[in-house]
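Worksheet: the structure to be examined is printed underneath.
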Amino acid sequence: MEQVKAFMKRKNIVISAKRYGIDALGAMAQGLFCSLLIGTILNTLGSQFHIGFLTAQVITINEVGYTIGGMASFMSGAAMAVAIGYALQSPPMVLFSLATVGYACNALGKAGGPLAVLFVAIIAAECGKAVSKETKVDILVTPIVTTLIGIGAAWVIAPPIGSVASAFGQLIMRATDLQPFWMGILVSVLVGVALTLPISSAAICSVLGLTGLAGGAAVAGCCAQMVGFAVMSFRENGWGGLVSQGIGTSMLQMPNIVRNPRIWIAPTLASAITGPIATCLFRLEMNGAAINSGMGTCGFCGQLGVWTGWLNPSETALANGAAAITPSAFDWLGLALISFVLPAILAPLINQFCRKLGWVKDGDLTLPN
Numbered sequence: 000m001e002q003v004k005a006f007m008k009r010k011n012i013v014i015s016a017k018r019y020g021i022d023a024l025g026a027m028a029q030g031l032f033c034s035l036l037i038g039t040i041l042n043t044l045g046s047q048f049h050i051g052f053l054t055a056q057v058i059t060i061n062e063v064g065y066t067i068g069g070m071a072s073f074m075s076g077a078a079m080a081v082a083i084g085y086a087l088q089s090p091p092m093v094l095f096s097l098a099t100v101g102y103a104c105n106a107l108g109k110a111g112g113p114l115a116v117l118f119v120a121i122i123a124a125e126c127g128k129a130v131s132k133e134t135k136v137d138i139l140v141t142p143i144v145t146t147l148i149g150i151g152a153a154w155v156i157a158p159p160i161g162s163v164a165s166a167f168g169q170l171i172m173r174a175t176d177l178q179p180f181w182m183g184i185l186v187s188v189l190v191g192v193a194l195t196l197p198i199s200s201a202a203i204c205s206v207l208g209l210t211g212l213a214g215g216a217a218v219a220g221c222c223a224q225m226v227g228f229a230v231m232s233f234r235e236n237g238w239g240g241l242v243s244q245g246i247g248t249s250m251l252q253m254p255n256i257v258r259n260p261r262i263w264i265a266p267t268l269a270s271a272i273t274g275p276i277a278t279c280l281f282r283l284e285m286n287g288a289a290i291n292s293g294m295g296t297c298g299f300c301g302q303l304g305v306w307t308g309w310l311n312p313s314e315t316a317l318a319n320g321a322a323a324i325t326p327s328a329f330d331w332l333g334l335a336l337i338s339f340v341l342p343a344i345l346a347p348l349i350n351q352f353c354r355k356l357g358w359v360k361d362g363d364l365t366l367p368n
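Residue numbers for the sequence shown, in numbering that gives the first Met the number 0: 0 to 368.
Structure follows, in structure tokens:
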């Protein structure tokens, strides 16, 4: 046993919830952002503003033409796997081999591909790390082992993992359609909390394929956390804190939450209010790439996702019955209120009540340097 522990330590193989559930999951979201999300944005900008070089098909694969954005989205599996390998601190030969593994796994996992990529890329990366530089022909052994184990694992587990993730996501979306009030609260609160925790709400939404009303509720919850924390902590953190939390991440407040969990009451209650308003009153649907559902106001990706979903629904949303629409003034009003106005009003008001009760004090929301 001691020899095994020593070997794993030498190979930097750390089996832990943090390494796999936080580091790898967060990196996967970044890989997805840099491929699928960016590709969707480029395609939407090209089609809506008639930008020639963004709408032109630059390459044809198996008689299918791809734009620049289309190619970025096409490579999402490879991007996710390489990002996961990077988070696991894989050596170069392993890291580069994961591109093939991720592409194959995402294709085999279909709608639930991102979750399958997470599992398979971890397996392939750790096995590749185990054999890396253990032989004199490392340039052959490491990529062969990484590729064969990765694609073998993808062949076996990606389809069922993809099916389960897709089915669970479908269940959430159907439940939200049937019970928009209660599910609006539940989805908004849970995804918003996930966004502030040191895990990736974007990756979770992508894994589950959350679009439609459920996606709208998720956007509401994320915005309530980000804008809520940004505005209610303005007296402590000023404009820098407003920007870093409002269009960066509310995760910056985690050290303060650990010290005083009650500072989390206001944005969480705000999300419980804005979620059902989004689903029941404005019928706000997020039909862009599912990753946008968990982004909130981070780079305004949640709002971009809603906009792209109005004009050019993603494949996942189309499969769930979405259709392109021309947004009305009411749609835009709903997006503005849910994303910015209501969180900026509700969270500080609720937090002021918490202050009067003595639950939150001056300095509790000050961001660490």
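Glycine residues also receive a C-beta, built at the ideal position from the N, C-alpha and C atoms.
Predicted, not measured: the structure shown is a model, and the values here were computed from it.
If you compare alpha carbons, which of the options is closest to residue i?
i	options	result
C204	G237, G227, D363, G304	G304
A277	F32, I246, T325, L185	L185
M172	V163, G183, I58	G183
G298	P347, A26, A201	A201
G301	A219, S243, R282	A219
K109	G208, T273, A321	G208
A120	L107, V140, M79, W154	M79
A316	P254, G214, P179	G214
L332	V163, G287, E314, L280	L280
K360	V57, S162, I262	I262
I83	T141, R18, V192	R18
F6	P254, T141, D22, E133	E133
T39	A288, S327, R282	A288
C221	D176, I150, P179, G274	G274
C33	G20, G51, M70	M70
Is the Cβ-Cβ distance between residue i and residue j less than 8 Å?
i	j	result
N319	G211	yes
G362	E284	no
I122	A152	yes
L44	L53	yes
V206	P312	no
L87	A157	no
G293	L194	yes
Y85	A26	yes
S374	T296	Nothing about residue 374 can be read from this structure; the chain reaches only from 0 to 368.
P367	P266	no
A103	I37	no
G161	G111	yes
A328	G308	no
L177	I272	no
Compute the Euclidean distance between the alpha carbons of residue i and residue j, then round it to the nearest angstrom.
i	j	result
T365	G101	40 Å
V230	W181	27 Å
V116	F352	45 Å
L241	A343	11 Å
K355	I349	10 Å
L41	E1	52 Å
A217	T66	29 Å
V155	V81	20 Å
H49	I324	18 Å
E421	L189	The structure shown does not extend to residue 421, since the chain is modelled only from 0 to 368, so the question has no answer here.
V57	C126	37 Å
V3	P90	20 Å
Q47	G68	14 Å
G128	T141	In the sequence under discussion, the amino acid at residue 128 is Lys, which differs from the Gly named in the question. Each residue's Cα considered, the two are about 8 Å apart.
L336	S165	30 Å
Q244	V136	49 Å
T175	V340	24 Å
L334	V192	20 Å
G20	S187	21 Å
G357	R258	15 Å
P179	P326	21 Å
Taking Cβ positions only, does residue i come closer than 8 Å to chain B?
i	result
L114	Absent here is chain B; the protein component of the structure consists of one chain.
Is residue i near the ligand HEM, judged by its Cβ being under 7 Å from some heavy atom?
i	result
C104	Absent from the structure shown: the ligand HEM. Ligands present: none.
So, do the region 73-83 and the region 7-15 have three or more beta carbon pairs nearer to each other than 8 Å? no
Mind pulling the alpha helix (DSSP H) runs of 4 or more residues that sit fully within the region 155-188? none
Quick check: the region 91-107 against the region 50-62, are at least 3 beta-carbon pairs closer than 8 Å? no
At a cut of 8 Å, does the region 215-232 reach the region 244-256 through at least three beta carbon pairs? yes
Contact between the region 158-175 and the region 142-149 (3+ Cβ pairs under 8 Å): no
Those runs of the alpha helix (DSSP H) which lie wholly inside the region 227-258 and span at least 4 residues: Segments of the alpha helix (DSSP H) lying fully in the region 227-258: 233-245, 253-258.
Report the start-end ranges of each alpha helix (DSSP H) in the region 339-365 that is 4 residues or longer and not cut off at the edges. 341-355
Those runs of the alpha helix (DSSP H) which lie wholly inside the region 69-99 and span at least 4 residues: 75-86
Whole runs of the alpha helix (DSSP H) within the region 257-301, excluding any shorter than 4 residues: 264-275
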